[in-house]
Amino acid sequence: MSVYVDIRKKAGSFTLDVKLEAGRETLSLLGNSGCGKSMTLRCIAGIERPDEGIIRINDRTVFDSEKHIDCRPQKRGVGYLFQNYALFPNMTLLQNVMVGAERSGTLTRAQRRELAMRQLAGLKLEGLENSYPSQLSGGQQQRAALARILVSQPEILLLDEPFSALDAALRWETEQLVRAAIADFPGTAILVTHDRDEVYRLCDRLAVYRHGCIDTLGEKWELFADPRTANTARLTGCKNLSRARCEGDRIVAEDWGLSFPLLREGPWTWVGIRAHRFLPGRTEDGFSFPYRITNDIEDTFSRILQIQNADSPDSALIRWETDKETAAALPETGWVHFPGKELLLLTD
Amino acid sequence: MRQLGQIIAGFDWSPFWISLKTGIVATVVCFFLGLWAARMVLKAGPRLRAVADSILTLPMILAPTVAGFFLLLLFSLRRPVGAFLYNELNIKVVQTWLGCIIAASVISFPLMYRNARAAFEQVDPNLIYAARTLGMKESRIFWRVVLPSAGPGVASGTVLTFARALGEFGATSMLAGNIAGKTGTISQKIANVIKDGDYVTAGIWVGIMMVIAFIILVLFNLASGGGRHRHSRW
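Heads up: the protein sequence lines correspond to chains A and B, in order.
Quick note, the numbering used here runs 1 ahead of the 1-based positions in the first sequence.
Quick note, the numbering used here runs 48 ahead of the 1-based positions in the second sequence.
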């Protein structure tokens with residue numbers, strides 16, 4: 002059970018140049034919009050044709066530009082979940098899901114109906130089988146789209162920002178059902194998203210995109226702990242990034258006017274600190290600096306402080322997120338520190 | 049008044065039936081040809097699409113007599129195609145009801161084609177992609193997914209095509225002529241009786257045409273969804 006992708010495609014503002022492999026796991030593609038992650042899925046599904054390269058699904062070559070193989074999307078065995086659900090508006094939910102059951106081509110109408118009904122019930126859509134898509138909520142539509150895909154028994158699942166059109170409550174509910182479906186699914190699942198929390202909850206491995214190429218690729222916990230590049234740090238949610246240069250055994254964060262001990266040698270050009278890693282007080286290990294609060298924004302359950310290096314009035318603002326009690330006790334100026342291993346050492 | 053009674057008593061309804069039959073047959077022909085052409089053009093590359101689109105739309109832009117001229121060039125018994133059809137297949141187009149249908153079809157075809165194309169372009173491409181990844185055959189996708197989604201646009205195109213075919217005059221008079229009871233359509237009848245100064249008969253036919261046109265417009269509005277918008281905008 003695997004997917005192998007090695008493709009190149011010119012697409013308007015960028016050139017997609019991607020090499021990926023995924024086994025029986027959930028792989029997530031994370032990136033800004035228009036960076037090529039959806040394009041990758043569309044190429045795998047056969048909706049778009051790469052300029053050159055190879056795509057293999059479970060050791061079956063479905064695309065090979067040199068051997069002139071270009072398998073039709075109908076024959077690729079791919080389940081594609083669209084952001085806008087793509088349910089057929091002229092068919093009821095049951096009819097929509099029954100279309101999925103047609104793929105094998107051997108089932109009778111009654112068997113397809115039975116299969117579709119069971120799948121609908123499994124995704125908590127019983128009683129809605131005779132409704133039309135326009136009569137349903139976004140969450141119900143996305144579940145129906147998932148039912149339609151699962152009933153077609155695909156070899157791989159491609160999920161293209163499946164929750165981004167849903168509001169927060171439906172999003173969570175739908176995500177739980179999708180998570181359960183992925184867990185039961187015997188093949189590879191690839192999820193495209195720009196939400197790092199979704200990535201962390203749903204996936205095993207992560208590929209971060211940058212202008213059509215893969216910036217970093219690795220286990221999710223590994224990449225969240227050490228993002229390696231500034232782009233990956235930003236996409237995994239790091240709010241504080243500064244250009245940096247190494248000077249002997251210290252690293253200078255230029256935008257902040259600060260310097261810290263260098264714990265690990267490397268060609269670092271950026272440093273980052275996650276906003277929730279700061280703690281009040283001064284330490285002797287060199288990972289602390291004097292701050293001045295310039296903005297204090299109250300969030301729902303936390304406080305977002307924008308602080309500045311007190312010794313350098315022109316330096317860039319640093320974001321510090323903390324609980325409301327801690328924030329309330331903080332003086333206007335003082336010292337702040339963070340664990341030295343939380344200083345992300347990054348390259349371009 | 050007595051004169052009107054006399055006219056109605058001895059009224060020749062044949063132009064009505066000829067126009068109606070021509071309109072229906074031409075609409076059926078254009079419906080399938082138009083859908084097919086629209087589908088083919090949307091499949092083609094951008095350059096071929098621009099050229100094909102222009103050629104297919106030409107009959108709508110040209111004066112019908114220009115189209116009639118080309119049709120005569122093609123089907124005249126003294127020309128290769130017309131002679132072949134007549135000698136080999138015993139099919140005569142000029143001065144026959146077949147000529148009426150061909151003239152009406154050629155002139156009204158662009159209405160069907162353009163409406164169908166616009167309607168297809170409005171269909172969410174993700175629906176087609178979804179159908180493909182689910183394993184649906186292309187022809188089934190067209191009839192079960194694309195056509196129903198494009199329904200209102202296709203329906204209004206069909207109605208307009210019928211209206212145009214029903215009232216066709218220029219190309220029809222050149223290709224099919226005006227043979228009473230055979231190729232004499234309503235439009236030609238009106239032109240003919242006006243030539244003789246018979247304004248009463250012309251008036252009756254004009255009235256009939258206007259009633260038909262009104263009914264068609266109501267159907268058009270219903271087909272294009274005008275009757276389905278519950279919320280008034282203004």
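The C-beta atom is built at its ideal place from N, Cα and C for all residues, glycine as well.
(request) Please list the residues of the region 121 to 149 of chain A that have a C-beta atom closer than 9 Å to any C-beta atom in chain B, keeping them in chain order. (result) Taking 9 Å as the Cβ-Cβ cut-off against chain B, the residues of the region 121 to 149 of chain A that qualify are A146 and R149.
(message) Per the DSSP calculation, G273(A) is bridged to which residue(s)?
(response) Counting from one through the first sequence, the residue named residue 273(A) turns up at place 272. Its beta-bridge partners are L242(A) and L345(A).
(request) Return yes when the Cβ of K10(A) is within less than 8 Å of the Cβ of D52(A), no when it is not. (result) As a position in the first sequence, residue 52(A) is number 51, starting the count at 1. As a position in the first sequence, residue 10(A) is number 9, starting the count at 1. Yes. Within cutoff.
(request) Write down the C-beta distance between F290(A) and V337(A) rounded to the nearest angstrom, noting that I regard them as a contact closer than 8 Å. (result) Translated into positions along the first sequence, residue 290(A) becomes position 289. Translated into positions along the first sequence, residue 337(A) becomes position 336. Confirmed, about 7 Å.
(request) Compare the C-beta of V193(B) with all C-beta atoms of chain A and state if any pair is closer than 8 Å. (result) Residue numbering aside, residue 193(B) sits at position 145 when the second sequence is read from its first letter. The C-beta of V193(B) comes closer than 8 Å to at least one C-beta of chain A.
(request) Within its chain, find whatever has a CB closer than 6 Å to the CB of T284(A); leave out the 5 residues flanking it on each side and keep chain order. (result) For the purposes of this step, residue 284(A) is identified with residue 283 of the first sequence, where counting begins at 1. Only H338 meet the Cβ criterion.
(message) Taking 8 Å as the threshold (beta carbon to beta carbon), is L181(B) in contact with chain A?
(response) In the second sequence, counting from the first residue as 1, residue 181(B) sits at position 133. Position check: residue 181(B) holds Thr in this sequence, whereas Leu was assumed. Closer than 8 Å: yes.
(request) Taking S204(B) as the query, report the chain A residues whose CB atoms sit under 7 Å from its CB, ordered along the chain. (result) Here the question's residue 204(B) lines up with position 156 in the second sequence. In chain order: nothing, as chain A lies at least about 17 Å away.
(request) Could you name the residues of the region 43 to 61 of chain A whose beta carbon sits closer than 9 Å to any beta carbon of chain B, in the order they occur along the chain? (result) Residues R43, A46, G47 and I48.
(message) Which residue wins for smallest C-alpha separation from L83(B), given the options S204(B), I234(B), F262(B) and I263(B)?
(response) The residue labelled residue 83(B) in the question sits at position 35 within the second sequence. Here the closest residue by C-alpha is S204(B).
(request) Might you give, ordered along the chain, the residues of its own chain that have their beta carbon closer than 7 Å to the beta carbon of V171(B), omitting 5 neighbours on each side? (result) For the purposes of this step, residue 171(B) is taken as residue 123 along the second sequence, with counting starting at 1. The answer, listed in chain order, is V194, S197 and A198.
(request) Tell me S260(A)'s beta-bridge partners as DSSP assigns them. (result) For the purposes of this step, residue 260(A) is identified with residue 259 of the first sequence, where counting begins at 1. Within the DSSP bridge table, the entry for S260(A) names V253(A) as partners.
(message) Output needed in chain order: residues of the region 3 to 18 of chain A with a Cβ under 7 Å from some Cβ in chain B.
(response) Hits within the stretch: zero.
(request) Kindly give me the distance between the Cβ atoms of G229(B) and S62(B), rounded to whole angstroms, as I take these residues to be in contact under 8 Å. (result) For the purposes of this step, residue 229(B) is identified with residue 181 of the second sequence, where counting begins at 1. For the purposes of this step, residue 62(B) is identified with residue 14 of the second sequence, where counting begins at 1. The Cβ separation is near 5 Å, so the contact holds.
(request) Output, in chain order, the set of chain B residues within a Cβ distance shorter than 7 Å of P90(A). (result) On the first sequence, residue 90(A) is found 89 positions in, with the first residue counted as 1. Taking a Cβ-Cβ cut-off of 7 Å, the neighbours of P90(A) in chain B comprise S197, given in sequence order.
(request) Tell me, please, whether the CB atom of P314(A) is closer than 8 Å to any CB atom in chain B? (result) Working through the first sequence from its first residue, we reach residue 314(A) at position 313. No, no contact with chain B.
(message) At the level of alpha carbons, what is the spacing between G80(A) and D185(A)?
(response) For the purposes of this step, residue 80(A) is identified with residue 79 of the first sequence, where counting begins at 1. For the purposes of this step, residue 185(A) is identified with residue 184 of the first sequence, where counting begins at 1. Cα-Cα distance, rounded: 15 Å.
(message) Can you tell me whether M252(A) is buried or exposed? The criterion is at least 16 other CB atoms within 10 Å of its CB, across all chains shown.
(response) Here residue 252(A) refers to the residue found at position 251 when the first sequence is read from its first residue. According to the sequence displayed, residue 252(A) carries Ile and not Met. Classification of I252(A): buried, given that the 10 Å Cβ count is 16 or more.
(message) Check whether the region 211 to 229 of chain B and the region 250 to 264 of chain B are in contact - that is, three or more C-beta pairs closer than 8 Å.
(response) Contact between the region 211 to 229 of chain B and the region 250 to 264 of chain B is present, because at least three Cβ pairs lie under 8 Å.
(message) Quick check: is the beta carbon of A164(B) nearer than 8 Å to any beta carbon in chain A?
(response) Taking the first residue of the second sequence as 1, we reach residue 164(B) at position 116. Answer no: the Cβ-Cβ gap between A164(B) and chain A never drops below 8 Å.
(request) Give the DSSP-derived three-state secondary structure of Y133(A) in the structure shown. (result) Along the first sequence, read from residue 1 onward, the residue named residue 133(A) stands at position 132. It is coil, neither helix nor strand.
(request) Check whether the Cβ of F83(A) lies closer than 8 Å to any Cβ atom in chain B. (result) Counting from 1 along the first sequence, the entry for residue 83(A) is found at position 82. Taking Cβ atoms only, chain B reaches closer than 8 Å to F83(A), which makes this a yes.
(request) Anything in chain A within Cβ reach of M21(B), meaning under 8 Å, just list it in chain order. (result) The shown model of chain B, from 49 to 282, leaves out residue 21(B), and the question about it has no answer.
(message) With the cut-off set at 8 Å, would you say T189(A) and E26(A) are in Cβ contact?
(response) Numbered from 1 along the first sequence, position 188 holds the residue referred to as residue 189(A). Numbered from 1 along the first sequence, position 25 holds the residue referred to as residue 26(A). Result yes, Cβ atoms of T189(A) and E26(A) sit closer than 8 Å.
(message) Against D288(B), what residues of chain A qualify as contacts under a CB-to-CB distance less than 8 Å, listed in chain order?
(response) For chain B, the structure presents residues 49 to 282; residue 288(B) sits outside this window and is missing.
(request) Report yes or no: do three or more beta-carbon pairs, one from the region 116 to 125 of chain A and one from the region 145 to 152 of chain A, lie closer than 8 Å? (result) In the pairwise beta carbon analysis, the region 116 to 125 of chain A is classified as touching the region 145 to 152 of chain A: at least three pairs are separated by under 8 Å.
(request) Examine chain A for any beta-carbon lying closer than 8 Å to the beta-carbon of L175(B), and answer yes or no. (result) Here residue 175(B) corresponds to residue number 127 of the second sequence, with the count starting at 1. Yes, L175(B) counts as interfacial toward chain A.
(request) Look at L129(A) and L116(A) and say whether their C-beta atoms are less than 8 Å apart. (result) As a working note, residue 129(A) is residue 128 in the first sequence. As a working note, residue 116(A) is residue 115 in the first sequence. Taking 8 Å as the cut-off, the beta carbon of L129(A) is found no closer than this to the beta carbon of L116(A).
(request) Whole angstroms is fine: what's the gap from R104(B)'s alpha carbon to A239(B)'s? (result) Here residue 104(B) is taken as the residue at index 56 of the second sequence, counted from 1. Here residue 239(B) is taken as the residue at index 191 of the second sequence, counted from 1. The sequence given here has Leu at residue 104(B), not Arg. For L104(B) and A239(B), the distance between alpha carbons rounds to 29 Å.
(request) Can you pull the chain B residues whose beta carbon is under 9 Å from the beta carbon of G80(A), in chain order? (result) Mapped onto the first sequence, residue 80(A) falls at position 79. In chain order: T181 and L182.
(request) Jot down the residue ranges of each uninterrupted beta strand (DSSP E) in the region 40 to 72 of chain A, minimum 3 residues, whole runs only, in chain order. (result) List check, beta strand (DSSP E) in window: 53 to 58 and 61 to 65.
(request) Taking 8 Å as the cut-off, decide whether the C-beta atoms of Q143(B) and I227(B) are in contact. (result) The count along the second sequence starts at 1 and reaches residue 143(B) at position 95. The count along the second sequence starts at 1 and reaches residue 227(B) at position 179. Yes, the pair counts as a contact, with Cβ atoms nearer than the cut-off.
(request) Indicate whether at least one CB of chain A lies closer than 8 Å to the CB of A178(B). (result) The sequence position of residue 178(B) within the second sequence is 130, counting from 1. Yes - at least one Cβ of chain A is within 8 Å of the one on A178(B).
(message) Taking beta-carbon pairs under 7 Å, can you tell me which members of the region 151 to 176 of chain A lie near chain B?
(response) Those would be S153, in chain order.
(message) Mapping the DSSP letters down to three states, classify E299(A) as helix, strand or coil.
(response) Within the first sequence, residue 299(A) is the residue found at index 298, counting from 1. The answer is strand: DSSP assigns E299(A) an E or B state.
(message) Quick check for students: name the residue ranges of the alpha helix (DSSP H) that lie wholly in the region 178 to 212 of chain A, counting only runs of 4 or more.
(response) Secondary structure remark: continuous alpha helix (DSSP H) runs of at least 4 residues inside the region 178 to 212 of chain A, in chain order: 197 to 203.
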